Structure formats: structure tokens, C-alpha cells
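As numbered in the UniProt record's numbering, residues 1 to 1086 make up the sequence shown, in order. Just so you know, even glycine gets a beta-carbon here, dropped at the ideal spot from N, CA and C. Just so it is clear, the structure is predicted and the values come from calculations on it, not from any experiment.
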Amino acid sequence: MSEANFQKFRCLTCDYCAEAQDMMKHLSATRHKTILALPSKEEVCCEECQNNNVHLLQIIRFGGEDIDLLCSSCFSRDYAESEKPSTVYSLANGSLLRNWERYVKVRDCCCVECGKESKLNVNKKGSVLCDMCLSKKDNVKDYVSESSGKFLYALLGIQDVSNGGSLHKKGGRKLGRGQKGKGRTAAKARKPREKKPLTRLEEMAKDAYETKKVNSIISSDSNISLRSFRGIKASKNDAPNGEQGSNVNRHTNQVKQGKSMANREAKSEPKSSTKSKRGQANPSSKPKSAQQVHPNLKTSAKTKPSSKGEKKITIEKQSGGSEHGTRKSKAPVSVHRPTSTSNNRPGKPSARSEQTKTGKFSSDRLQAKHSKVSGGKNSASKSTGKSDTNNKDPAKTFTKPPIKPKGVEQQQIPREEITSVEDFEEGEPIKRFTQYVPKKSYSTIEDYFNEFSFALFLEGRLENDFLQEFQITWPKNAQEQAFVVNMKADSAELKKLLPPNLVKLGRLPFTNQQPLMLTNQDETNVWYTYVRELESRKNNITLLLELYSWNKLPLPIKAGNSHFKLLPCSAQVNRIMFAMTRVQNPKFIKLLLGQESIKQLNFNNRLQFTKDSFNESQKAAIQHVLNNSITVLQGPPGTGKTSTIEEIILQLIENFHTLPILCVAASNIAIDNIAEKFMVNRPDIKILRIVSQSKEAQYNPKHMLGKICLHNIVYEQLPADMKDNISKLRSGIPGLVSKNQYNKLLSTQNAISDRYIAQAQIIFTTNIASGGRQLKAIRELPAVIMDESTQSSEVSTLVPLSLPGIKRFVFVGDEKQLSSFSNVPQLEMSLFERILTNGTYEKPHMLDTQYRMHPAISEFPIEKFYEGKLKDGVTSEDKKWPGIAYPLFFYQCNQGPENKVFNSKRGMRGFTYNNAHEAGYILAVLHKLILEKGVKRDEIGVITPYSSQRDLISEMLVKDPIVNPSGKAMEQEMDKDDALGGGDSVSGSANKVTINIVNGVYVATVDSFQGHEKSFVVFSCVRNNSENKIGFVKDRRRMNVALTRAKNGLVVVGNKDVMKKGDQLWADYIKYLEEKEVVSETLDNY
1 MSEANFQKFR CLTCDYCAEA QDMMKHLSAT RHKTILALPS KEEVCCEECQ NNNVHLLQII
61 RFGGEDIDLL CSSCFSRDYA ESEKPSTVYS LANGSLLRNW ERYVKVRDCC CVECGKESKL
121 NVNKKGSVLC DMCLSKKDNV KDYVSESSGK FLYALLGIQD VSNGGSLHKK GGRKLGRGQK
181 GKGRTAAKAR KPREKKPLTR LEEMAKDAYE TKKVNSIISS DSNISLRSFR GIKASKNDAP
241 NGEQGSNVNR HTNQVKQGKS MANREAKSEP KSSTKSKRGQ ANPSSKPKSA QQVHPNLKTS
301 AKTKPSSKGE KKITIEKQSG GSEHGTRKSK APVSVHRPTS TSNNRPGKPS ARSEQTKTGK
361 FSSDRLQAKH SKVSGGKNSA SKSTGKSDTN NKDPAKTFTK PPIKPKGVEQ QQIPREEITS
421 VEDFEEGEPI KRFTQYVPKK SYSTIEDYFN EFSFALFLEG RLENDFLQEF QITWPKNAQE
481 QAFVVNMKAD SAELKKLLPP NLVKLGRLPF TNQQPLMLTN QDETNVWYTY VRELESRKNN
541 ITLLLELYSW NKLPLPIKAG NSHFKLLPCS AQVNRIMFAM TRVQNPKFIK LLLGQESIKQ
601 LNFNNRLQFT KDSFNESQKA AIQHVLNNSI TVLQGPPGTG KTSTIEEIIL QLIENFHTLP
661 ILCVAASNIA IDNIAEKFMV NRPDIKILRI VSQSKEAQYN PKHMLGKICL HNIVYEQLPA
721 DMKDNISKLR SGIPGLVSKN QYNKLLSTQN AISDRYIAQA QIIFTTNIAS GGRQLKAIRE
781 LPAVIMDEST QSSEVSTLVP LSLPGIKRFV FVGDEKQLSS FSNVPQLEMS LFERILTNGT
841 YEKPHMLDTQ YRMHPAISEF PIEKFYEGKL KDGVTSEDKK WPGIAYPLFF YQCNQGPENK
901 VFNSKRGMRG FTYNNAHEAG YILAVLHKLI LEKGVKRDEI GVITPYSSQR DLISEMLVKD
961 PIVNPSGKAM EQEMDKDDAL GGGDSVSGSA NKVTINIVNG VYVATVDSFQ GHEKSFVVFS
1021 CVRNNSENKI GFVKDRRRMN VALTRAKNGL VVVGNKDVMK KGDQLWADYI KYLEEKEVVS
1081 ETLDNY
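And the structure:
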């Protein structure tokens, strides 16, 4: 991305910093007068008299000769009223700061070889040479002399327009204004202010700003911007035979941006237009590379919507079009699409019903007639005035199978006819996505990014609504990698993307670098783009979208607007996609590709450990981290991972003075455990805990880690008026805080945050949160430690992996336990698991001694899951609980069958299970533990595979007078910030990582309880049916997690006969329990 996108200005009155457009709005609203251009810190002032009142300044362009920055007085003095030019950029017309860089470029212009400022020449590439240096070159004809009056046109790349009324510059281009010059009016100019030396805080702020700018750039070979973009406005639909009408093929000099500066400049630089070209290539004859289809799915997309009675979504025209169609297209996409409401007159076909009949993105020669849509107010038959009795069934209309291009592959969503709601079981993958499984290795990093981008698209389409109301402008150049999208800011689609209070503060629904995925209506092709530049004028939002470098599809520049829809991405995907652009370390790229073995050095350093309690496996792991850039450390349940990570950090600080060290994990509980150890054991080390914005209220000053949380530290440093503004913002009521107050608050918060980040020695956060704005102020992070690596999806691991300056990366996890959840199997596997599976990391270090579980509880998991390689570090006496005769107990329940519970959303119907009879048995166990065994409520956890059973048990506990005598309301925690698929869908992972807390008793699914432990755990199996089906309860990793959470006592409640017949591993476990004589139908002996 070009540096122009990061040109900022600072108001000297209030220290507000913003880009050109926002700063001009700020100055107009506040009437503040003086500003600095950043990062040069040059004061914006008149070049003649140094008047710095920005309201009196104007940049004047004298045709193709020169650009001056003058105040009103100096300009009036030098030029008569009749001589004033038509091209003036001022604050009043909203273009002064947008043209600052143009002015600086001309002012500082000099020969690139000798530095001479006069008699210059420039070529189309912007290379400047003086007459003397040019005479030594061969390509003299390629240069434009400044004496020609067209010098600026070539230098700035603007339109060369002859205008007899234009003002000519007196004396030609002014010299001596550049960085080396003294200025021709230096004698009469005011002496500029002397720059004060920066304070230490100002130096830190400047360094943080520069570092953030570097760490926020997406590298691009293009210098395109909204100003320089030249494009062709896409038609609503393709013209027959590939012949576009004259209204389609208008070439515009730039995208219309309301009443922009370009319109004001039109008098001296009118737009050029190109006549319509006839006989253009048919869109269907586009190069084969434009259509990418997965080789295994050639016939999956044959059935497409074809009849005019199917959904034809009307796109709102940019230039005041009055057509509005269906606003949302919800995933999953049904093949049969109902007709959208049409505003066309009766008897006239709607614009959308006249879609292209040939072409890459629509059906071949579709001849189906209108079909009536029941219940629609404006059905197709009504809009055409024709009967629908002879309509064909759209399901019987076929298109030719997509053509697979040579040398290019892109996966494609199976296009099955969906005639009914799709059912799927909790914990089971969605059937049509089961083919998208992770590969063990990849040939290139581009292939890797492309594959995972598609997987993110599949996940995102289940969670988010598509945008349909927009106008595309394709680039004139077919090789260009960017296009423009215009939207109405007040559309219903965009209003759903932001809450009203943020809209009131001037927040836009999009941000720079936000990913947006463009796809055709049947989703056979996807283009991965990001917002390179955005602009908001009145009610119009204009986005310049650029393709990511790994995108394989060329832009479909001849396709009509109606073929496409846009998928906005979540905050998690935003950071993941940005991380893909920043993965540059060769060692990490090799790790991701999985084709070469990772070298490991084994060397015994003479370390002095901080305590003597480490076992040999822990010591070996610590040694390995100090000697290698990549370490994979296996940590089974209760093996002291937290203590080992603590020691690794201390040894890195002691031996390498490596600062800062970043410690991340998928869940907050894992991070909190490590941070708490440092708070207690090493208060001398400066540590920071960064939480996601949604977690800030939970991590308040009263939280055990509240003192080290960055948001609390920043809040305490704020003045009283800003604290008051934060309270108003939290109320959610629009209008209580002005836009200026809001921007000033953000600026102050960022400055304080940068200061504490720069001083931190250890930073604790989650994977996704590590990609936030806070860490962008750090120049390098020499060491990163990731706990619970198997719970981190591979794409979320890219976020910390892409941070700058990493020399050591430590993966700590256990592939025998659960990985993250996603609707798309490709997104479930962790990078930790993949590098072990593909064999690139041989002989990972394993912590081999568990200290959590009573040996009676650990015996079966050690034998079955860890093949006897794990050993107990505690005895039965160590874990004995008074009054508990059986630390491991199975409570037989066969009182009634399970119950199936349905939940429908977004065209899918998910179902889960609960078992009320079993829930009653769970309640009896809790009563026994609380009343007879003296177990405190906060030492008990109830876990179950199914979310419906979790919620049923929680409801019973809330009402139970023994568990909840004071009638406290149930609390909820969602622990994982980086859970993909955690959105609005019925299968969202937000449902799987939620923990209910009833008066201290934790009630959770097995998935959400991974990483937690309790003295006593009660496990509800739920399943009880005549078919002996136990669903995803048979997953051995889920079973491992369920059986290894308890420290002193584990009670399993279920029907042993169903569990035994449902899966061989469960049969082995039931047999083991029966041999131990711990299976009972009563609690009398417990």
C-alpha cells in the first residue's frame, strides 16, 4: 500500500491526529487554525509570509506550470481579481489537505542526479532530470520540459487539458522552496518557529507512530488510489452476445465521489470519454483462467437459477438509480431464488429479469419463462403482465459444466438442490463441507493462503449476510488488481453492520484493510479483496478494493453488476487475512508449507533453574527452547505446562535479555493462569494483560488480574471528562458524545497505551487479540510462546506467527485433546497437529508426569490415550478427599430416553440432545457432594457433550434451593476470543465455548471446559436410545478431555449399556469400571 494512505495531520490546538479528510472536517467544525503534516512535522503555512491560519490558505495550480501554497492576502497582492485561477484547493471546498502531497512534490522537485531545481524535465514514470543531465541520455523524447507548460501534468499524472482562460504563472515555476532552498522571499518572510527538542514521552510517541505505520502496511506493487483510478461502470447485467451498450462502456477518468474536488476542477480539466466499442468479446469467451473449478466438483454446479421467476437481485445504481431489490442473500444459498420486488412498470420486464443469457457468470441460453412466486406482492408474472401457466420448472434447466482452466485450481461449493431445510447434528460437520479437509503440505505459500481464504469464506457465509446493494466500477486495464464499489450509507444492509451510537460518532461500517470477499451469485468463484482506500461523502461510501496477492482469479471486468455479492468479514477474519500478508520469516513459511523437516539442536546449557521441583522432561523442554527457533512441546493434562512456560520466560529474560516476550493462547483461562504466577512470584517484572474489547468489563479493576490489564491502566490515566465520555459511550445512547470528543478520546487512549506497551517485559493476550492495534507499536517481538496450541485453529495461529522480529516460537499443546471447532473441517486442525502429522517435526518433547488427577482417575487415560508414556507424579493419599470412598464412580441411569432439540437459523436446522432423567441424577450427585461430602460449590464442574443438556442442567440448578439457595442469576462466560464460526449461525462455535456459572458451580460442554480443572467433575453422557447411537460422544479426544478434568473425584452419569454398544473405546472404559466395581445404580455407597 502506498504511503499516501498514511499521510496524517495533527491539530496544534487539541493534538487531534487524523488523515486529510477527517482533519478537514475537524478544522471546519472546531475552527482550530494550525496544523502539522505528519510524520515530517512541517507546519502547513503560506510559503510567502508563513501565515499558518489554515482557513486562509489555498493551494493554487497554474495549469501545468506550478503549484503554490498562499494565504488570501499574499494571493490578492500578487494577482488581480481577473487573474485568479479556476483550480484552487482550499479548506472551504474540502480539497486543501487532499492536495498537500501534490504541492510538496512540486515544491521539492529537483533533478534526481545533480539536485538542480531549474530547467527540469520529467517522463511518464516521474523521473526528473535537468537539461544538462538529460542531454547525456538517449531517451530525450520521453521527457516533458517545464518550459512547455505541461510539466505538472506529467509529474503528477493528471489530465492535460488546454484552457484558454487559465491563469499563467508569473515568472514560471517558483524555485528555492524545497528542503534545500531558502525561498525567494526569505528576506521579507517571518522567521519560522524554532522546533523545541522532543521530550522523552514525545520521542516514544513518535517512535510508536512510525512503527505502527510500518506494521500496518499491506505490501502492494500498485500505487493506485481512488483519485487515480480509471474505470468502467459495470452494467446491471451483461448485454446479449457480449455486446455492451453505450451506457455500459462509458470510460470515466475517475470514480464519481459526490461533489468532489474533481468536479470543481472540471472546468480546467474536463473528463474525456470513449465511444462505445461494438463487437467486444463475449464474456463467456474470457480466458480460461477466469473460471476456476475444483477438479472433483465439475458436475456439482450444473443446476443454477435460470427462470425469470427466480431471484434477480436489483443493485442500486450509483447515479441516483431508483431500483432496489432484495437486500440480503443469506447463506447457505438455495438454488431456487424467489423473485425480488421490482419497481418497474407493469407490462415491462424488470432490469434484472433481462440478465445475460451467455457468459461465464450466468446460465447458457436460459430459456425458462417467468414462474410465479407464492405470497409475493410483486411477482414476476405481475410485473410482466403474463400468465405463468406455461412456466418451466427452473430445477430442470441446466447449464454447461464449468470449464477448468489450465494450471489454476480453486475450490468450489457443491451446488446441490436444496428443496428442504438442511438438518445436521451438533458436533458433526455439515455434510457439504466434509470434503474440505486440511492438507498435510502445500506447494507454495500462495496456494496455502488461497486454500485457507476459501475455507474462511465457507465459514463466513454461514455467519454473515451478503451485501447486494452496491455498484461496481471495473478497471479499464484488464491487468489491474483493484476495482471500486459504491454504496449508499443509509441502506438497510449497512445499518446492520454498526450500532446507531457508533454511526452517530461518524464511524463507517468499513475500515481500511478490512477484507471483503466478492463472489458471483452461485458462489462458484470467489475474489479475496481488502479495502485499500475508502471515502465517505454525504450519503455515499466509496471503497477501493484490491485483490490480495495470492488471489488466482482475474477480475471479471466484462461482467454485469447483478452477478455479484459481497461478504463482509468478522473481526477475527480481518486480523487473520492481514496476518497472511505479513508472514515473511523464511523459517515460518517453511513450517507452513510442511515439505521440509525442521532442524532441531540439542545442547545442554548450564542453566540455573529458579526452583528444584522440575522433573527431567520439563528441564529438557526448557533447554530445547533456548537452543532452537521453533519448539513443539507436548503437554498432557496436569503435566505442569504453566510452570514450565513460566520458567522458559524467566530463562529467556535472564540469558538473552529478550524483551518483550509475548505469551498467547486460544482461551483466556490459559493466559490468566500464567499471568497470575508472574503477579505472585515476580512482581519486579513489568507485565501487561491485553484483553479483547468485549472482555474489558469482565476484567475490571476488581478482577484478580485487573491491575495489569492495559485497558484499566489506560482508564486510570485519563482525565475526568474523558472518563465521563466513556461512561456515556457505554450507555449506547447516540448523541451523548460528539465526534470530536470521541476522536480525542481515542487519540489519548492510544498515546497512553503505546507508552505502557513500550515498557512491558511480558505481554499476555489471546491469539486474535495479538493482531490488534496495541502490538503494532512494537518494532519486534523476539519470543512468542503459544499455550494450548491444539485449541488454536491454524489460521488463528497465523496472527501471532506474523508479528515482526520473532526469533523463537514455542508451541505448547496436546494433540490427544480437542482441537478448535469450525463448521469447515479444514479450519479445525491446528498447526501444532499438522506439523506432527506430516512428520516435519520429529520427536517433539513431551512432559511425562501428571500432577492433577487422582491415580484412580488417571489410570485409564494414561493407558488408552497416552500409550503408557505418561506417569503419575502424585499418590492416592495426596488426592484423597475425606468421605469419598470412590474417586472414580459411574452412576447408572436408564430411566428414560434422550430428547432431540431443534434450532433453525439461516436455512439450516441443527439438532442437539438433552436427557431430563439424567439431569435429575446429576442434581442428586450435586446434593450428595455439597451436603454430605462438604465440597464447596466453586470446586464442582458439571460437563456434558451437548449444549442443550448444559442449558437444561443450568436451568434446574438456578431453581434448586440447595445448589442456589439465594436464587442468584446465572452468569455466562465465553472464553475463546478467536473462535471461528462463533457468529449467528445455529452451529456457531459461540455456543460451544460458553460456560454457565450457577452460584459457583460450572456447567459447560466438554469443548468449553478444556483447559479447566475442578476438584470434582460430574460428566453427563446424555445418550440413551434403542439404536445405541452415541454420536460425537465417541470422539476419543473429547472422551480424553472429559475424563481428565477432575483432581479428586470424577462421577460419570449415563446408560452404560448404550455407551458400551455405541463405541469400542467406551466399551473398554465400561469394562474397566466394572472390573474396578465402581458402577452402581444408587448413590448409597458413594
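Other residues of its chain near D393: CB distance less than 7 Å, five sequence neighbours each side excluded: Mapped onto the sequence shown, residue 393 falls at position 393. For D393, the pLDDT reaches just 40, beneath the cut-off of 50, and the residue's location in the model is therefore unreliable, leaving the point undetermined.
Option in S597, E616, Q623 with minimal Cα separation from N604: Locating residue 604 in the sequence shown gives position 604, counting from the first residue. Nearest option by C-alpha distance: Q623.
F449 vs W527 beta-carbon contact at 7 Å: To locate residue 449, count along the sequence shown from 1; it is residue 449. To locate residue 527, count along the sequence shown from 1; it is residue 527. The answer is no: Cβ separation not under 7 Å.
Assumed close pair K124, A154 - CB separation to whole angstroms, cut-off 8 Å: Taking the sequence shown and counting its residues from 1, the one referred to as residue 124 is at position 124. Taking the sequence shown and counting its residues from 1, the one referred to as residue 154 is at position 154. Contact flag correct, Cβ pair sits at about 6 Å.
Top-ranked residue by Cα proximity to S216, from L592, E867, P804: The residue given as residue 216 occupies position 216 in the sequence shown. S216 has its Cα closest to that of P804, out of L592, E867, P804.
Cβ-based neighbour list, V824, same chain, cut-off 6 Å, excluding 5 preceding and 5 following: Translated into positions along the sequence shown, residue 824 becomes position 824. Excluding positions up to five away in sequence, the list reads F433, Y436, A455, L458, E459.
Distance between F890 and E1081 (C-alpha atoms, nearest Å): Mapped onto the sequence shown, residue 1081 falls at position 1081. Mapped onto the sequence shown, residue 890 falls at position 890. Spanning the two alpha carbons is a distance of roughly 8 Å.
Buried or exposed (CB count within 10 angstroms, at least 16 for buried), V680: Within the sequence shown, numbered from 1, the residue matching residue 680 stands at position 680. Counting the other CB atoms within 10 Å of its CB gives V680 a total below 16, which places it among the exposed residues.
Three-state class that DSSP yields for L456 in the structure shown: In the sequence shown, counting from the first residue as 1, residue 456 sits at position 456. In the three-state reduction of the DSSP assignment, L456 falls in the helix class, which pools H, G and I.
I158 to E833 span [Cα, whole Å]: Locating residue 158 in the sequence shown gives position 158, counting from the first residue. Locating residue 833 in the sequence shown gives position 833, counting from the first residue. When rounded, the distance between both Cα atoms is 54 Å.
Nearest-angstrom Cα separation, counted from A919 out to V901: Within the sequence shown, the letter at position 901 stands for residue 901. Within the sequence shown, the letter at position 919 stands for residue 919. When rounded, the distance between both Cα atoms is 15 Å.
Spatially closest choice to L827 from S453, V1058, T912, by CA coordinates: Numbered from its first residue, the sequence shown carries residue 827 at position 827. Considering only alpha carbons, the answer is S453.
Bridge partners - V680, DSSP secondary structure assignment: Walking along the sequence shown from the start, residue 680 turns up at place 680. None, per the DSSP bridge assignment.
Reduced DSSP category for Q58 - H, G, I as helix; E, B as strand; rest coil: Counted from its first residue, the sequence shown places residue 58 at position 58. In the structure shown, Q58 adopts extended strand secondary structure according to DSSP, grouped into three states.
Segments of 3+ residues assigned as beta strand (DSSP E) that fall wholly inside the segment 666-714: As far as the segment 666-714 is concerned, its whole beta strand (DSSP E) runs of at least 3 residues are 687-689.
Which of helix, strand or coil DSSP assigns to Q471: For this step, residue 471 is matched to residue 471 along the sequence shown. Strand at Q471.
At least 3 beta-carbon pairs within less than 8 Å: the segment 1004-1017 vs the segment 936-945: In the pairwise beta carbon analysis, the segment 1004-1017 is classified as touching the segment 936-945: at least three pairs are separated by under 8 Å.
Cβ separation of A1004 and R1037, assumed to be a contact under 8 Å, to the nearest whole Å: If you number the sequence shown from 1, residue 1004 lands on position 1004. If you number the sequence shown from 1, residue 1037 lands on position 1037. Contact check for A1004 and R1037: beta-carbon distance about 16 Å, past the 8 Å limit, so the pair fails to qualify.
Where the beta strand (DSSP E) through R537 begins and ends: For this step, residue 537 is matched to residue 537 along the sequence shown. Per DSSP, R537 belongs to the beta strand (DSSP E) from 526-537.
Same chain, Cβ closer than 8 Å to D142, neighbours up to 5 away in sequence not counted: Taking the sequence shown and counting its residues from 1, one reaches residue 142 at position 142. Taking C-beta separations shorter than 8 Å and ignoring five residues to either side along the sequence, the partners of D142 in its chain run N123, K124, following chain order.
Which residues DSSP lists as bridging R10, in chain order: Mapped onto the sequence shown, residue 10 falls at position 10. DSSP, once it has assigned bridges, lists C17, L36 as partnering R10.
Assigned secondary structure, V963 (DSSP; H/G/I helix, E/B strand, else coil): For this step, residue 963 is matched to residue 963 along the sequence shown. In the structure shown, V963 falls within a coil segment according to DSSP collapsed to helix, strand and coil.
Minimum length 4: unbroken alpha helix (DSSP H) runs contained in the segment 812-870: The segment 812-870 contains these whole alpha helix (DSSP H) runs: 831-837, 855-864.
DSSP-derived helix/strand/coil call for E43: Taking the first residue of the sequence shown as position 1, residue 43 is located at position 43. Annotated three-state conformation of E43 is strand, per DSSP.
Contact check, V144 vs K150, beta carbons under 7 Å: In the sequence shown, counting from the first residue as 1, residue 144 sits at position 144. In the sequence shown, counting from the first residue as 1, residue 150 sits at position 150. Yes; because the gap between Cβ atoms is below 7 Å, this pair is in contact.
Element boundaries [beta strand (DSSP E), containing I218]: Here residue 218 refers to the residue found at position 218 when the sequence shown is read from its first residue. No beta strand (DSSP E) contains I218, which DSSP labels as neither H nor E.
Cβ neighbour criterion (16 or more within 10 Å) applied to Q291: Taking the sequence shown and counting its residues from 1, the one referred to as residue 291 is at position 291. Because the pLDDT of Q291 is 36, which lies under 50, any placement of that residue in the model is unreliable, and the question is left without a value.
Rounded separation between E877 and I884 - CA only: The residue you call residue 877 lines up with position 877 of the sequence shown. The residue you call residue 884 lines up with position 884 of the sequence shown. Per the coordinates, the alpha-carbon of E877 lies some 12 Å from the alpha-carbon of I884.
Nearest-angstrom Cα separation, counted from I541 out to S643: On the sequence shown, residue 643 is found 643 positions in, with the first residue counted as 1. On the sequence shown, residue 541 is found 541 positions in, with the first residue counted as 1. A straight line joining the alpha-carbon of S643 with that of I541 spans about 52 Å.
Cutoff 6 Å; reference E202; Cβ partners in own chain excluding five residues on either side: In the sequence shown, counting from the first residue as 1, residue 202 sits at position 202. Taken in chain order, the list of residues that qualify is empty.
L818 beta carbon less than 7 Å from that of D1007: In the sequence shown, counting from the first residue as 1, residue 1007 sits at position 1007. In the sequence shown, counting from the first residue as 1, residue 818 sits at position 818. One thing to note: D1007 has its Cβ within 7 Å of the Cβ of L818.
Through-space distance from R537 to S73, alpha-carbon basis: What you label residue 73 is simply residue 73 of the sequence shown in a count that begins at 1. What you label residue 537 is simply residue 537 of the sequence shown in a count that begins at 1. Here the C-alpha atom of S73 lies approximately 31 Å from the C-alpha atom of R537.
Spatially closest choice to N712 from Y756, D672, L736, by CA coordinates: In the sequence shown, residue 712 corresponds to position 712, counting from 1. Minimum Cα distance to N712 is reached at Y756.
Nearest-angstrom Cβ-Cβ length linking A621 and L847, presumed shorter than 8 Å: Here residue 621 is taken as the residue at index 621 of the sequence shown, counted from 1. Here residue 847 is taken as the residue at index 847 of the sequence shown, counted from 1. Contact between A621 and L847 holds: CB atoms are separated by about 7 Å, below the 8 Å threshold.
Residue from G1049, V1033, F510 whose Cα sits closest to the Cα of residue 1144: With the chain covering only 1 through 1086, there is no way to say anything about residue 1144.
Beta-carbon gap between K236 and N838 smaller than 7 Å: Walking along the sequence shown from the start, residue 236 turns up at place 236. Walking along the sequence shown from the start, residue 838 turns up at place 838. K236 places its beta carbon 7 Å or farther from that of N838.
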